[in-house]
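Student: In the numbering used here, the protein residues as written are 134 to 452.
Note that beta-carbon positions come from the ideal geometry of N, C-alpha and C, so glycine has one too.
Could you have a look at this structure, given as structure tokens, before my questions?
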């Protein structure tokens, strides 16, 4: 970086909205803004509100005397590190293969870095969060879908190497639901928001009494936070769902520990909106005999950077 007045634009594209901010070399955030996500549009139409927001951020940066080091982007999908293009972005199919980096580099004349959201998150946590001074850490992001990333010997292991990026498609239950990958019982089918939605729908079909019934009738978006609110109010179904999710997460951790041997296991994403509920249930599950094989030396913690882990981490390579 040229000086302490250098910042990068961080752009995190999420399922409901995109968040943008100026980020400095220390992970500090300035001039945050957001734009509503546009799904089902061509690539250029999808990106248009983000570009307008970036223009506004750059105006703010120049007004404050900042120099621009580049633009770091986090997307909810996979990235080819050679072509620097999205490979697959299920929420935004039109972005698959789109030359996003080239487009923004030509427009702004700065370097652009593109990451899968979970890779960006682990970079942020490794440099500024709970992964500082740790050589082996694993990050699991829990959103509408589940993703994972791994740092070994202080370096990010990219997708395709040691099956990193595919570990969320390691079956942990032979009787689990069928996954989009064709297997049964992948972690993604057991702890994601979509998995929780299936649990609620099954309970409603059985006629189970729950405060979630009215919220479903009101067509409210089912989220980790909504379920946590009902669980904290004492709804038995919501409590049971979180207990089951914690149990499946511990089962996944047991597999990941054997494969990757991390010293720190970080959980992030929209699950953090649920507060301490999941981690309280994880502690209960770990006290049982079923997960005695998980070494107690492993730290299982929420992301220190919270929902900003991907936003901050996307800018790390630019400094």
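Should residue 414 go down as buried or exposed, given a rule of 16 or more other Cβ atoms within 10 Å for buried?
Tutor: So residue 414 ends up on the buried side.
Student: Whole angstroms are fine: how far does the CA of residue 180 sit from the CA of residue 232?
Tutor: Residue 232 and residue 180: Cα-Cα distance of roughly 12 Å.
Student: Taking C-alpha atoms, which residue in 223, 311 and 247 lies nearest to residue 217?
Tutor: Of the candidates 223, 311 and 247, the one whose C-alpha sits nearest the C-alpha of residue 217 is 247.
Student: Please check the pair residue 418 and residue 412, which I expect to be a contact at CB under 8 Å, by giving their CB distance rounded to whole angstroms.
Tutor: Between residue 412 and residue 418 the Cβ distance is about 11 Å, and since that is not below 8 Å, they are no contact.
Student: Under the assumption that residue 448 contacts residue 156 (Cβ atoms under 8 Å), give the Cβ distance between them as a whole number of angstroms.
Tutor: Going by Cβ atoms, the distance from residue 448 to residue 156 rounds to 4 Å, so yes, they are a contact pair.
Student: Leaving out the 5 sequence neighbours to the left and right, which residues in its chain are closer than 6 Å to residue 237 when beta-carbon positions are compared?
Tutor: Same-chain partners within the cutoff: 204 and 245.
Student: I'd like to check one pair, residue 277 with residue 326: are the Cβ atoms closer than 8 Å?
Tutor: Yes.
Student: Quick one: what does DSSP say residue 337 is sitting in, helix, strand or coil?
Tutor: Three-state DSSP puts residue 337 in a helix.
Student: Can you list the alpha helix (DSSP H) stretches of 4 or more residues lying completely in the segment 192 to 278, in chain order?
Tutor: Fully enclosed alpha helix (DSSP H) runs of 4 or longer: 233 to 241 and 250 to 261.
Student: What did DSSP end up calling residue 332 once you bin it into helix, strand or coil?
Tutor: In this structure, residue 332 counts as helix in the three-state DSSP scheme.
Student: Can you list, in chain order, the residues of its chain with a C-beta nearer than 6 Å to that of residue 333? Leave out the 5 residues immediately preceding and following it.
Tutor: So the list reads 345, once near-sequence residues are dropped.
Student: Within the chosen definition, does the segment 356 to 363 reach the segment 208 to 223 through at least 3 CB pairs nearer than 8 Å?
Tutor: Output reads no: the segment 208 to 223 does not touch the segment 356 to 363.
Student: Thinking just about the alpha-carbon of each residue, which of 402, 416 and 438 is nearest to the one in residue 429?
Tutor: Ranking 402, 416 and 438 by Cα distance to residue 429 puts 416 first.
Student: What's the C-alpha gap between residue 173 and residue 167?
Tutor: So the two alpha carbons sit approximately 19 Å from each other.
Student: If you draw a straight line from the C-alpha of residue 408 to the C-alpha of residue 151, how long is it?
Tutor: Each residue's alpha carbon lies about 22 Å from the other.
Student: Give the DSSP-derived three-state secondary structure of residue 289 in the structure shown.
Tutor: In this structure, residue 289 counts as strand in the three-state DSSP scheme.
Student: In this structure, how does DSSP classify residue 418 when only helix, strand and coil are distinguished?
Tutor: Three-state DSSP puts residue 418 in a helix.
Student: What residue range is occupied by the uninterrupted beta strand (DSSP E) comprising residue 163?
Tutor: It spans 162 to 169 - the beta strand (DSSP E) in which residue 163 sits, taken as one unbroken run.
Student: If you reduce the DSSP assignment to three classes, tell me which class residue 145 lands in.
Tutor: Residue state, collapsed to three classes: strand.
Student: Note down the Cα distance separating residue 376 from residue 342, rounded to an integer number of angstroms.
Tutor: Distance between the alpha carbons of residue 376 and residue 342: 18 Å.
Student: Tell me the DSSP bridge mates of residue 304?
Tutor: Looking at the DSSP assignment, residue 304 forms a beta bridge with 319.
Student: Looking only at its chain, what residues have a beta carbon closer than 6 Å to the beta carbon of residue 437, apart from the 5 residues adjacent to it on each side?
Tutor: Contacts found: 262 and 263.
Student: Using only the alpha-carbon positions, how far apart do residue 378 and residue 279 sit?
Tutor: Spanning the two alpha carbons is a distance of roughly 12 Å.
Student: By the 10 Å Cβ neighbour count, where 16 or more other Cβ atoms means buried, how is residue 177 classified, buried or exposed?
Tutor: Exposed.
Student: Would you call the CB atoms of residue 300 and residue 318 closer than 8 Å?
Tutor: Contact: no.
Student: Once the 5 residues before and after residue 387 are set aside, which same chain residues still bring their CB inside 7 Å of it?
Tutor: Answer for residue 387: 424, 426 and 427, listed in chain order.
Student: Taking buried to mean at least 16 other C-beta atoms within 10 Å of its own C-beta, is residue 143 buried or exposed?
Tutor: Classification for residue 143: buried.
Student: With distances taken Cα to Cα, identify the nearest neighbour of residue 320 among 337, 286 and 274.
Tutor: The candidate whose alpha carbon is nearest that of residue 320 is 274.
Student: For residue 267, which residues in the same chain have their Cβ closer than 6 Å to its Cβ, ignoring the five residues on either side in sequence?
Tutor: Closer than 6 Å at the Cβ level, and outside the excluded window around residue 267, lie 396 and 397.
Student: From residue 193 to residue 164, what does the alpha carbon distance come to, in whole angstroms?
Tutor: If you take the alpha carbons of residue 193 and residue 164, they lie about 7 Å apart.
Student: Nearest to residue 285 by alpha carbon, out of 393, 440 and 444?
Tutor: Checking every option, the nearest Cα to that of residue 285 belongs to 393.
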